[in-house]
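In this note's numbering, the protein residues as written are -1 to 404.
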């Protein structure tokens, strides 16, 4: 358990460079790993979404989209190697990195009795000042599973999260809350007492355990089976996971990321066989996401796979997390499009190269046609600016001008 007496409570200047985490920094973290765990928990309590540790560098904390130093001294290469072994819980971690492979896994710290702080961890080899080095990135995971209200998920979309089958895609950049929104949707399903579901959940790594909402004494009989994807984990790839899930009789399959041909084929096949598939992808807009998912396939398959994708899709959401105008936190700026039969027919009748114009037209038509459920990033951002929640300066920093004008 963490000794809270080790943690600094000194105030810090939001526009400064250093956020003090520990009252006294050790000469080396690997000399007392309990102090390293305390550093992680202290950083999380300070509001750090991400903690970046590099060889021969001071740890960085990302708080409200701004980077800060987390210590006064830099960490040595040998020290960082030992810390990775501690996080990985095995001495072979550095050897795996030296083979040119990255590690994605989870780590947790017991903060107090009955309470653990969890982290998503990525480790990769880097070059530091011309020499081989190591970078570890830890993402702080919330203690509780978020609700749709927590992620400010649009009310008009909530009624469409219960299709009989089909794919719901949450897209965005790294660190823009895709997994958190997906967890909120999963919680929405698990807590539905009138429609208990079996969920197969595949993540790299597992970020949310749902243990705070689902027990054997819950009102809902829903059940979730979670598998971690990656080297030395439960299953090697998302593709393997999806195909294995089809033999387990789930209602819902969560695929942490549709990242390659195998996982995309699996997602589409699962939809065809009557499952709801929730997944994420990296994209800055709906059209970018659609094209990216199709272009994963060989050129000779793309036309057929485009048809399969449109047939499978139920809802496509893209989100960006931007800093609120009052500095109190982040707000999700979303773009979305609901795929009903009429929308699918319009995509079927349009060549892939014509999809950008089609999506743009649908966004415009949705403003006057209530039968089209769609909203552009620009429209969402302008609405938040008018409400005083988001500043136009922040919107312009992160959203392309063309998108803001749509």
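Heads up, the beta-carbon is just placed ideally off N, CA and C, and yes, glycines get one too.
Residue state for residue 179 is assigned as helix, using DSSP reduced to three classes.
Here residue 138 is bridged, per DSSP, to 117.
Assigned with DSSP and collapsed to three states, residue 152 falls in coil, not helix or strand.
When Cβ pairs closer than 8 angstroms are counted between the two stretches, the segment 178 to 196 is seen to touch the segment 205 to 221, the count reaching three or more. The count of Cβ pairs closer than 8 angstroms, one atom from the segment 153 to 160 and one from the segment 95 to 110, stays below three, leaving the stretches out of contact. Cβ neighbours of residue 211 within its own chain (closer than 7 angstroms, five residues either side excluded): 143, 185, 188 and 189.
Under the rule that a run must span 4 or more residues, the alpha helix (DSSP H) segments found entirely inside the segment 291 to 328 read 300 to 310. DSSP places residue 102 in the uninterrupted beta strand (DSSP E) bounded by 101 to 110. According to the DSSP assignment, residue 64 belongs to the beta strand (DSSP E) that extends over 64 to 67.
Its Cα nearest to that of residue 28, the residue 75 stands out among 237, 75, 70 and 19. Contact annotation, residue 115 with residue 42: C-beta distance approximately 6 angstroms; criterion of less than 8 angstroms satisfied.
Of 348, 242, 16 and 322, the smallest CA-CA separation from residue 66 is found for 16.
Per DSSP, the unbroken beta strand (DSSP E) holding residue 59 starts and ends at 58 to 61.
For residue 225, DSSP records a beta bridge to 200. DSSP, reduced to helix, strand and coil, places residue 131 within a strand of the structure shown.
Spatial neighbours of residue 240 in its own chain (CB-CB distance under 7 angstroms, excluding positions within 5 residues in sequence) are listed in chain order as 251, 253, 261, 264, 265 and 268.
Per DSSP, the beta-bridge partners of residue 333 are 316. With 16 or more other Cβ atoms from the protein chains shown falling within 10 Å of its own Cβ, residue 53 counts as buried. Counting along the chain, the unbroken alpha helix (DSSP H) around residue 267 starts and ends at 259 to 270. Counting only the Cα atoms, residue 204 lies some 25 angstroms from residue 331.
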